[in-house]
């Protein structure tokens, strides 16, 4: 109820100490189609659900190569995502030009986060409505980061964002402990399984998803459709079995029912989503 | 309006150097990089300053040696100080290595050259990072390259030939110092701006050490010097 009084612009605090515009921006991320990332010691895999609006149109690009050693998957306002990808590419190129060395991922992520923070503290701006899963390799190994519209960033072993990402997160939570030592192919397989979880029983084919890999000795690259389909067939991940359908259906009901109470609950409690 | 050829900026441009350092020599050896430079600062033909440190540490992994205008070297050290400071402020476990420092300086030198206001130096950057040895050179016009042994100024003419004959990748520290001293002695005999007070620096994965200043023994008992005027009619 009080939410509407303090949510007009991003520079207004609510009495509970929240910035509602920033939280609304994070909602936009949740509305976007799913994107997941997972990493081992040597590789990082990004995958996303790519649904076209209609049969007549092509689907939106959600995975971008930023440099040979960095790639990003987005969820939310794709236009904002594109702009931030361009910024990231620019930073990488400038660093490479000056130092003839790849920009450490951790530094790019901090720069991105600081850029997002600016939009939470200017009355004439709005927060970026996109969440970014940044996958990269540097001297200290393979990294996966999540950048939030709030300006926060976190490092993850595996993560999922966007709609129905909870299903993927549940799958990843079960499996993540073995990811560190996983081989490249096992990682890709787990990524495809996680994506299937978000499809709720719908058939997983290479036309609804995109997969990208980066690893030691392997520059960031988006796998082509045939390769992905072959992997789906090989691992038999298309997802026609009953158990998956059931749990997926439960998940959908749970998600829809859970969403409203979640929001209400969050408003009543002290913790704002961006603080977690 | 002659603004194209002679703008107000002209009085700021470097036309010639004032206080200069002479050669620096550097080469890779078994454990890292060895570099040597004397401690002279010449004011034209006067050897004005005799305790100028021309070898300096840069961050955790690099060593820089400079010849040319000393005040420009001091300016470069300030730039590098700021660079390393910002690198450290990230506080994230990443650090700039000798390759990055070399390339950064190349950009600085080349950009100044394009403004017709060069930093009048020839620089040698060496270092070890993650087991990888790096040695590079960059000059006042932005020419830059990497090699196993490099030198500036007269060192290119007097020291490099010795190094081409006698340098090996697996030189021990003692062998490397002897080789450096051989080159520096040659420079001392033949370069009029050289002074007999030098420092040797070594940088390895473990870190950097710059020696205390010391002098080389020289030998002047050559027959031609004993009785210089004998056969004076065109004895050269």
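Chains as they are written, first to last, in my numbering: chain F, 1 to 276; chain U, 1001 to 1236. Glycine residues also receive a C-beta, built at the ideal position from the N, C-alpha and C atoms. All of these numbers come straight from a predicted model, not from anything done at the bench.
Following the DSSP letters along the chain, one finds residue 165/F in no beta strand (DSSP E) but inside the alpha helix (DSSP H) bounded by residues 165-175. Restricting attention to beta strand (DSSP E) runs no shorter than 3 residues, the segment 1180-1213 of chain U encloses them at 1198-1204, 1208-1210, ordered along the chain.
Under the three-state reduction of DSSP, residue 98/F is assigned to helix. The segment 137-154 of chain F and the segment 165-185 of chain F do not touch, with fewer than 3 CB-CB distances between them shorter than 8 Å. DSSP places residue 88/F within a helical segment (H, G or I) once states are collapsed to three. Taken atom to atom, the span from the alpha-carbon of residue 98/F to that of residue 107/F is near 15 Å. The beta carbon of residue 1149/U sits closer than 6 Å to the beta carbons of 1027, 1163, 1167 from its chain, once the five residues preceding and following it are set aside; these are given in chain order. In the structure shown, the three-state DSSP call for residue 1230/U is coil. Identification of chain U residues near residue 106/F by a Cβ-Cβ cut-off of 9 Å yields 1090, 1092, 1093, 1094, ordered along the chain.
The beta carbon of residue 1072/U sits closer than 7 Å to those of 1119, 1120, 1121, all from its chain and outside the five residues before and after it, given in chain order. Pairing residue 178/F with residue 1125/U, the inter-Cα distance amounts to about 43 Å.
Taking all protein chains shown into account, residue 118/F has fewer than 16 neighbouring C-beta atoms within 10 Å of its C-beta and is therefore exposed. Annotated three-state conformation of residue 200/F is coil, per DSSP. Closest by C-alpha distance to residue 157/F, out of 81/F, 78/F, 187/F, is 187/F.
Between residue 112/F and residue 147/F, the C-beta spacing is below 9 Å. Residue 234/F is outside the set of residues whose beta carbon lies under 9 Å from a beta carbon in chain U.
Checking the DSSP bridge columns, you'll see residue 1035/U partnered with 1026/U, 1201/U. In summary, residue 1129/U is buried, with 16 or more beta-carbon neighbours lying within 10 Å of its beta-carbon over all protein chains present. A Cβ-Cβ distance of about 7 Å is found for the pair residue 29/F and residue 149/F, placing them in contact under the 8 Å criterion. For residue 1025/U, the closest C-alpha among the options 1059/U, 1019/U, 1067/U is that of 1067/U.
For residue 1099/U, the enclosing alpha helix (DSSP H) starts and ends at 1098-1114. The Cβ atoms of residue 102/F and residue 96/F lie closer than 9 Å to each other.
Check the Cα spacing between residue 1107/U and each of 1097/U, 1143/U, 1231/U, 1089/U: the tightest is with 1143/U. Bounds of the beta strand (DSSP E) holding residue 146/F are 141-147. Nearest CB-CB separation between residue 101/F and chain U: below the 9 Å threshold.
Between residue 223/F and residue 160/F, the alpha-carbon positions lie close to 19 Å from each other. With at least 16 other beta carbons inside 10 angstroms of its own, residue 212/F counts as buried. Annotation: the continuous beta strand (DSSP E) that includes residue 1049/U extends over 1046-1049.
A Cβ-Cβ distance of about 7 Å is found for the pair residue 1069/U and residue 1019/U, placing them in contact under the 8 Å criterion. Under the 8 Å Cβ criterion, the segment 1196-1209 of chain U does not count as touching the segment 1224-1235 of chain U, having fewer than three qualifying pairs. Rounded to whole angstroms, residue 1057/U and residue 1217/U show a C-alpha spacing of 27 Å.
With the criterion set as a beta carbon lying under 8 Å from some beta carbon of chain U, the members of the segment 132-164 of chain F are 138, 139, 140, in sequence order.
Within chain F, the residues placing a beta-carbon under 7 Å from that of residue 1107/U are 98, ordered along the chain. Against chain F, a Cβ distance below 9 Å from residue 1099/U picks out 99, 100, 101. In the DSSP annotation of this structure, the continuous segment of the alpha helix (DSSP H) that includes residue 106/F starts and ends at 105-118. Residue range 225-235 is occupied by the alpha helix (DSSP H) that includes residue 227/F.
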